[in-house]
Amino acid sequence: MKLNDAILGAVFLAVGLLVFWQTRSMPQLSGQSVGAGTFPAVVAAMMVAGGVILIASGLRARSGALVELDPWLKDRAPLIRVLSVPVFVAIYALFSGPIGFPLLVPPLLAAQLWITTRKPVLSIIVALAATAAIWLIFARVLLVPLPLGLLTEVIY
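Next up, the structure:
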């Protein structure tokens with residue numbers, strides 16, 4: 011997919027202005043000219059400047075459509091593979107607490123692997139092994155507990 015620079019520039023400009031507006035409510039250090047909002051304000055100013063430059067560049071070079079779709083976007087299978095990633099991330103974010111990592115990740119990972127590889131048996135094996143490895147690394151090596159959800163009362 012090809013976007014005209016003016017579109018991305020408008021997004022940068024809007025986000026930069028929003029961040030800059032939000033920095034006004036951040037506290038200042040007493041007796042200092044800098045505070046918590048100084049660095050975000052500098053980044054916001056650079057985003058606004060970059061957005062303006064991109065808009066100008068996009069308007070100057072406007073020869074074709076604002077958005078041009080690549081041929082692969084017209085096929086359904088690649089689009090499903092691309093869209094499945096944010097969908098599965100959202101499902102994990104919403105349900106990892108109540109359901110738990112050990113029960114939620116294997117089916118999500120197996121489904122993602124099956125969508126991308128079309129090998130269901132291998133997808134299940136890799137999903138179970140990867141889930142176990144991730145669990146052990148986080149729980150035993152990093153000492154970071156992953157949510158148990160429904161298994162909380164079973165394990166503890």
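All you need for our numbering is the position in the sequence shown, starting with 1, plus 10. Just so you know, even glycine gets a beta-carbon here, dropped at the ideal spot from N, CA and C.
message: I need the DSSP call for residue 113, collapsed to helix, strand or coil.
response: Position 103 of the sequence shown holds residue 113. Residue state, collapsed to three classes: helix.
- prompt: Closest to residue 32 by CA distance: which of 53, 118, 95 and 79 is it?
  reply: If you number the sequence shown from 1, residue 32 lands on position 22. When only C-alpha atoms are compared, the closest one is 53.
field: Ordered list of alpha helix (DSSP H) runs contained in the stretch 41-124, each at least 4 residues
entry: 48-70 and 86-109
field: Rounded straight-line distance, which links the Cα of residue 151 to that of residue 66
entry: Numbered from 1 along the sequence shown, position 56 holds the residue referred to as residue 66. Numbered from 1 along the sequence shown, position 141 holds the residue referred to as residue 151. So the alpha carbons of these two residues sit roughly 51 Å apart.
- request: Measuring alpha carbon to alpha carbon, tell me which of 77, 26 and 83 ends up nearest residue 62.
  value: Counted from its first residue, the sequence shown places residue 62 at position 52. Closest option to residue 62, Cα to Cα, is 26.
- prompt: Which same chain residues, not among the five before or five after residue 76, have their C-beta less than 8 Å away from its C-beta?
  reply: The sequence position of residue 76 within the sequence shown is 66, counting from 1. Apart from the 5 residues on each side of it in sequence, residue 76 sits with its Cβ closer than 8 Å to the Cβ of 13, 14, 16 and 17 in its chain, given in chain order.
- prompt: Would you call residue 57 buried or exposed, if buried means 16 or more other Cβ atoms sit within 10 Å of its Cβ?
  reply: The count along the sequence shown starts at 1 and reaches residue 57 at position 47. Burial is judged here by how many other beta carbons sit within 10 angstroms of a residue's own beta carbon; residue 57 has at least 16 and is buried.
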